[in-house]
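Q: In the numbering used here, the protein residues as written are 23 to 318. Beta carbons: idealized from backbone N, C-alpha and C, even for Gly. None of these values were measured; they are calculated from a predicted model. Here it is, the structure in full.
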Amino acid sequence: MGQENFDMQELGDLPGVKDVHFIDKTYVLVSRMWRNKDTVIDFGDGLKISRTNLTIVAGPCSIESEDQVVETVGVFKENGIKFMRGGVFKPRSSPYSFRGLSLEGLKFFWKHCRANGIKVVTEVMDCSQIDKMYDYVDVFQVGAGNMQNFDLLDALGKVNKPVLLKRGLSATLEELLSSAEYIFSGGNEDIILCERGIRSFDKTFRNTLDLNAIPYLKEKSYLPVFCDPSHDVGVRQFIEVKALAAIMASADGIMLEIHSTPEKAFSNNFQTRSFREFIDSFDRIRKTYIFRKTIF
Ligand code: PEP
Ligand code: MN
Numbered sequence: 023m024g025q026e027n028f029d030m031q032e033l034g035d036l037p038g039v040k041d042v043h044f045i046d047k048t049y050v051l052v053s054r055m056w057r058n059k060d061t062v063i064d065f066g067d068g069l070k071i072s073r074t075n076l077t078i079v080a081g082p083c084s085i086e087s088e089d090q091v092v093e094t095v096g097v098f099k100e101n102g103i104k105f106m107r108g109g110v111f112k113p114r115s116s117p118y119s120f121r122g123l124s125l126e127g128l129k130f131f132w133k134h135c136r137a138n139g140i141k142v143v144t145e146v147m148d149c150s151q152i153d154k155m156y157d158y159v160d161v162f163q164v165g166a167g168n169m170q171n172f173d174l175l176d177a178l179g180k181v182n183k184p185v186l187l188k189r190g191l192s193a194t195l196e197e198l199l200s201s202a203e204y205i206f207s208g209g210n211e212d213i214i215l216c217e218r219g220i221r222s223f224d225k226t227f228r229n230t231l232d233l234n235a236i237p238y239l240k241e242k243s244y245l246p247v248f249c250d251p252s253h254d255v256g257v258r259q260f261i262e263v264k265a266l267a268a269i270m271a272s273a274d275g276i277m278l279e280i281h282s283t284p285e286k287a288f289s290n291n292f293q294t295r296s297f298r299e300f301i302d303s304f305d306r307i308r309k310t311y312i313f314r315k316t317i318f
């Protein structure tokens, strides 16, 4: 692979070679070319991310305080939410914006989630963070801005924890799958692909959700495919309908930004939903998923 100019016949004539196939794709291992069994990521105690159940990942854009984590975990416990997201290393467009509480924040985030059977999903921005984060993370998130940080992808390929890989702002689907291939080829097969909107000519919204991506990725690959409608549309009143659309488009999971007082969130407050709105949405997301299962 990777070498375009060679003589296939010469290879085919070598002793012991039965057949030679030319692969013109930049990704193979994460494709259905060789595997058709869908990935199941097993967290134990019956908790799984797969194509046969719906996963909801919710939480603040950034972890802001221990009280915030305690309050959010309380809402999750009441409503049976099992995956909490929250950034402690935040990739921000401006260096003057809030950039997260780092490891200290991750430790209390983990402590309260762990005590309540909730899994921690958080972004890793750099290879140097992996080891120190490792003990406090259940799913490493790779952000849109890092989808082609190849050193990071290589390093996550060596890690024994799942990776949620977000599509870059202007990344093609082939590039997204090729980034997943980096992780997979390093040895880590537990990868979740996440559509989160791409940048388009239209500035009305922050990004444009590429709904096409969801059925396409599900057809090309056997990995679970999530959708993050918070970072796509960027305004809170439209997030739910995008989540429902993503479910109908066959998404296996939805990632949502939520906050007790969204207007006061340290980051991404325009796209963050309140707990009440989230619980209402969660109910409709679940119903939509059940409906989808009855018709497809
Ligand atoms: C986030 O999940 O808070 C985030 C920064 O997302 P993205 O990488 O998709 O912009
Ligand atoms: Mn965010």
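Buried or exposed for Leu-123, going by 16 or more other Cβ atoms inside 10 Å?
A: So Leu-123 ends up on the buried side.
Q: Could you check if Asn-290 belongs to the surroundings of the ligand MN, using beta carbon to heavy atom distance under 6 Å?
A: Asn-290 Cβ: within cutoff of the ligand MN.
Q: Under the criterion of a Cβ to heavy atom distance below 6 Å, does Cys-83 qualify as lining the ligand MN?
A: Under cutoff, so the answer is yes.
Q: Report yes if the C-beta distance between Pro-113 and Gly-165 is below 7 Å; otherwise report no.
A: Contact flag set, yes.
Q: Could you tell me if the beta carbon of Lys-188 falls within a distance shorter than 6 Å of some heavy atom in the ligand PEP?
A: Because some heavy atom of the ligand PEP lies under 6 Å away, the Cβ of Lys-188 counts as near it: yes.
Q: Could I get the ranges of all uninterrupted beta strand (DSSP E) runs contained in the region 43-88, with 3 residues as the minimum, in chain order?
A: As far as the region 43-88 is concerned, its whole beta strand (DSSP E) runs of at least 3 residues are 77-81.
Q: Taking 6 Å as the line, does the beta carbon of Ala-177 fall inside it for any heavy atom of the ligand PEP?
A: No; taking the cut-off as 6 Å, the Cβ of Ala-177 has no heavy atom of the ligand PEP nearer than that.
Q: Can you tell which of Leu-69, Val-91, Thr-48 has its C-alpha closest to the C-alpha of Glu-197?
A: Minimum Cα distance to Glu-197 is reached at Thr-48.
Q: Which residue comes first and which comes last in the beta strand (DSSP E) that contains Leu-215?
A: That run of the beta strand (DSSP E) goes 213-217.
Q: Measuring only from the beta carbon, is His-253 closer than 6 Å to any heavy atom that is part of the ligand PEP?
A: True, at least one ligand heavy atom lies under 6 Å from that Cβ.
Q: How would you write the range of the beta strand (DSSP E) that Gln-259 sits in, first residue to last?
A: Run containing Gln-259: none; DSSP gives neither H nor E here.
Q: With a threshold of 6 Å (Cβ to nearest heavy atom), would Gly-127 be considered close to the ligand PEP?
A: No.
Q: Would you report the Cα separation of Asp-29 and Ile-63, rounded to the nearest angstrom?
A: Approximately 40 Å, taken between the alpha carbons.
Q: Beta-carbon within less than 7 Å of Val-79's beta-carbon, same chain only, minus the 5 sequence neighbours each way: which residues are those?
A: Excluding sequence neighbours, Val-79 sits near Phe-105, Arg-107, Val-143, Gly-275, Met-277.
Q: State buried or exposed for Arg-258, treating a residue as buried only when at least 16 other CB atoms are found within 10 Å of its CB.
A: Result: buried.
Q: Could you give the first and the last residue of the continuous beta strand (DSSP E) run that contains Gly-275?
A: Residues 275-279.
Q: Hey, could you find the ends of the beta strand (DSSP E) Glu-299 is sitting in?
A: Here Glu-299 belongs to no beta strand (DSSP E); instead the alpha helix (DSSP H) covers 297-317.
Q: On a Cα-Cα basis, can you pick out the residue from Ile-301, Ser-303, Ile-307, Thr-283 that is closest to Ala-271?
A: Answer by Cα proximity: Ile-307.
Q: Which residues bound the alpha helix (DSSP H) around Met-147?
A: From DSSP, Met-147 is part of no alpha helix (DSSP H); its letter is neither H nor E.
Q: Report the partner residues of Gln-163 according to the DSSP bridge assignment.
A: Its beta-bridge partners are Glu-145, Leu-186.
Q: Span of the beta strand (DSSP E) holding Met-106?
A: Its beta strand (DSSP E) spans residues 105-107.
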